[in-house]
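>
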Amino acid sequence: MKNLRDIWGVRFVHYMNEFQRYMKYVFTGHLAIVLVFTIGAGGYAYSEWLKEVPEHFPAALLTAIVIAAALCYSPPVTLLKQADSVYFLPLEQQLGEYMKRALRWSFFSQLPLPFILLIVALPLLSATGTGSNSSYLGIAVFIVVLKMIFVQSEFNARYVLEGRKVWLDRTVRFLLASILIWIGLHGSPLILPIIAVMIGLYAQYWKKRTAEKPFPYDHFIALEQNRMMRFYRFANYFTDVPHVKGSVSRRRWLKFLMTQPKFGNNNATHAYLVRRTFLRTDDIFWLWLRLTILSVLGALFIPFPIVVFIFVGSLAFASAVQIVHALGAGDEFRMDMLFPEKEDRRSAAVQETVRTVQWIQVIGVMIGAVVQFGLSLTPILIGAIVLIVSEATIRLTGQRKNVE
Numbered sequence: 003m004k005n006l007r008d009i010w011g012v013r014f015v016h017y018m019n020e021f022q023r024y025m026k027y028v029f030t031g032h033l034a035i036v037l038v039f040t041i042g043a044g045g046y047a048y049s050e051w052l053k054e055v056p057e058h059f060p061a062a063l064l065t066a067i068v069i070a071a072a073l074c075y076s077p078p079v080t081l082l083k084q085a086d087s088v089y090f091l092p093l094e095q096q097l098g099e100y101m102k103r104a105l106r107w108s109f110f111s112q113l114p115l116p117f118i119l120l121i122v123a124l125p126l127l128s129a130t131g132t133g134s135n136s137s138y139l140g141i142a143v144f145i146v147v148l149k150m151i152f153v154q155s156e157f158n159a160r161y162v163l164e165g166r167k168v169w170l171d172r173t174v175r176f177l178l179a180s181i182l183i184w185i186g187l188h189g190s191p192l193i194l195p196i197i198a199v200m201i202g203l204y205a206q207y208w209k210k211r212t213a214e215k216p217f218p219y220d221h222f223i224a225l226e227q228n229r230m231m232r233f234y235r236f237a238n239y240f241t242d243v244p245h246v247k248g249s250v251s252r253r254r255w256l257k258f259l260m261t262q263p264k265f266g267n268n269n270a271t272h273a274y275l276v277r278r279t280f281l282r283t284d285d286i287f288w289l290w291l292r293l294t295i296l297s298v299l300g301a302l303f304i305p306f307p308i309v310v311f312i313f314v315g316s317l318a319f320a321s322a323v324q325i326v327h328a329l330g331a332g333d334e335f336r337m338d339m340l341f342p343e344k345e346d347r348r349s350a351a352v353q354e355t356v357r358t359v360q361w362i363q364v365i366g367v368m369i370g371a372v373v374q375f376g377l378s379l380t381p382i383l384i385g386a387i388v389l390i391v392s393e394a395t396i397r398l399t400g401q402r403k404n405v406e
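Counting along the sequence shown from 1, when you hit position 321 you're at 323 in this note's numbering, and nothing is skipped either side.
Pasting the structure below:
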């Protein structure tokens with residue numbers, strides 16, 4: 003192809019096919035259940051909190067900060083590949099058309115998040131008597147305009163600085179956007195144009211400076227590769243992704259958990275290797291740790307028992323099902339195949355390892371619940387829910403794998 007517009011079209015179709023290919027494994031019935039319960043629990047807790055929110059709560063400031071943070075994070079999606087630094091050189095005059103389409107997609111793909119945050123913030127603004135219907139509509143217009151400007155502005159800043167000082171640029175845009183939204187909610191028509199002009203001048207400054215610099219292929223290619231790798235790593239929690247080469251860490255501080263096995267003794271070989279895989283594989287270990295920390299924080303800070311039940315139960319399900327899948331997937335060749343051990347013992351070892359780490363999650367959640375609810379029946383019920391959901395998930399997932 004000798005037309006960069008056609009190249010963008012082909013790459014975009016391939017990207018969407020790749021995206022849909024893996025997302026169908028991510029948004030399965032398992033995750034749908036977790037999302038429904040988590041969103042329901044969060045919505046219930048939010049609605050209960052709104053009934054008691056003080057009138058002087060800084061709703062405008064909080065809304066401005068949260069939405070501005072979503073707006074200022076505007077990395078360009080370019081779909082560039084490693085070889086483009088060479089093969090695009092003869093077509094560099096058409097690069098502007100290619101990037102125009104890339105930035106258009108970046109804008110539309112990133113626009114929903116700040117709108118969702120605005121929708122979530124509307125009940126809070128209404129409960130505290132902040133703003134009016136016209137100001138809410140104005141903020142919605144600001145979101146569209148600011149996102150369009152910020153996507154172009156971040157692209158130009160990266161272009162000029164070759165990826166350096168990105169967070170300084172984002173900080174400036176964050177401050178400008180948060181002030182603009184805060185003023186818009188308070189209805190100060192005199193100051194509003196001044197901030198709007200400052201945002202326009204800031205964006206124009208970076209646009210003019212791009213004329214002085216050659217296009218930094220290396221930075222934008224690395225940015226795109228890192229973006230896709232984050233997506234592949236996320237999808238790898240749910241299915242095997244050949245693009246991902248998992249990293250491992252020794253974690254000497256957990257060495258006491260990896261005692262040497264006695265080969266030929268029941269499930270000792272598989273148990274040792276599965277436990278070692280869990281502790282040293284970064285993706286699996288950090289996934290479990292993140293979900294466990296979220297569960298503990300939920301039990302520690304959510305004051306409504308029914309919401310905690312749903313929240314920790316959902317995360318226990320997510321932890322167990324994903325770790326069972328990750329440990330049971332394996333490669334075509336594994337080290338345990340070198341030992342004279344029965345193959346069916348591996349699934350039992352996987353279940354036992356997941357059961358052990360979920361017990362640790364139970365203990366952490368119960369400690370957090372005791373801090374929140376005191377020594378009562380509630381922490382015991384919370385721990386029991388995590389334990390029951392984890393055990394049921396381990397057993398049902400194991401049975402499904404055996405059938406397959």
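Each residue gets a CB set at the ideal place from its N, CA and C atoms; glycine is no exception.
1) Considering only residues of the same chain and omitting the five flanking positions on each side of residue 13, which have a CB-CB separation below 6 Å?
2) Less than 9 Å between the beta carbons of residue 313 and residue 34, yes or no?
3) Do you know how far the Cα of residue 17 is from the Cα of residue 225?
4) Is it right to say residue 213 is buried, meaning 16 or more other beta carbons lie within 10 angstroms of its own, or is it exposed?
5) Are the beta-carbon atoms of residue 63 and residue 125 separated by less than 9 Å?
6) Where does the unbroken alpha helix (DSSP H) through residue 106 begin, and where does it stop?
7) Using 9 Å as the threshold, is the C-beta distance between residue 392 and residue 348 below it?
8) Can you tell me which of the three DSSP states residue 188 falls into?
9) Can you give me the start and stop residues for the alpha helix (DSSP H) that residue 227 sits inside?
10) Given 8 Å as the limit, is there contact between the region 132-140 and the region 90-97, that is, 3 or more CB pairs closer than that?
11) Determine the closest residue to residue 326 out of 399, 279, 5, 293, with distance taken between C-alpha atoms.
12) Closest to residue 273 by CA distance: which of 295, 290, 71, 329 is it?
13) Which class does residue 58 belong to by DSSP, given the choice of helix, strand or coil?
14) Which whole runs of the alpha helix (DSSP H) in the region 128-163 are 4 residues long or more, in chain order?
15) Assuming the contact rule is C-beta atoms closer than 8 Å, residue 320 and residue 302 should be a hit. Round their C-beta distance to whole Å, please.
16) When you compare only the Cα positions, how much space is there between residue 333 and residue 227?
17) What does the alpha-carbon distance come out to for the pair residue 71 and residue 216?
18) Apply the 10 Å Cβ neighbour rule to residue 421 and answer buried if 16 or more other Cβ atoms are within range, or exposed otherwise.
19) If you draw a straight line from the alpha carbon of residue 8 to that of residue 164, how long is it in whole angstroms?
Inspection of the coordinates gives the following:
1) 81
2) no
3) 16 Å
4) exposed
5) no
6) 97-112
7) no
8) helix
9) 219-238
10) no
11) 399
12) 329
13) coil
14) 135-163
15) Not quite, the Cβ-Cβ distance comes to about 19 Å (not below 8 Å), so this is no contact.
16) With a pLDDT of 49 at residue 333, under the threshold of 50, the modelled position of this residue cannot be trusted; read the value that follows with caution. The alpha-carbon atoms of residue 333 and residue 227 are separated by roughly 24 Å.
17) 30 Å
18) The structure shown does not extend to residue 421, since the chain is modelled only from 3 through 406, so no value can be given for it.
19) 26 Å
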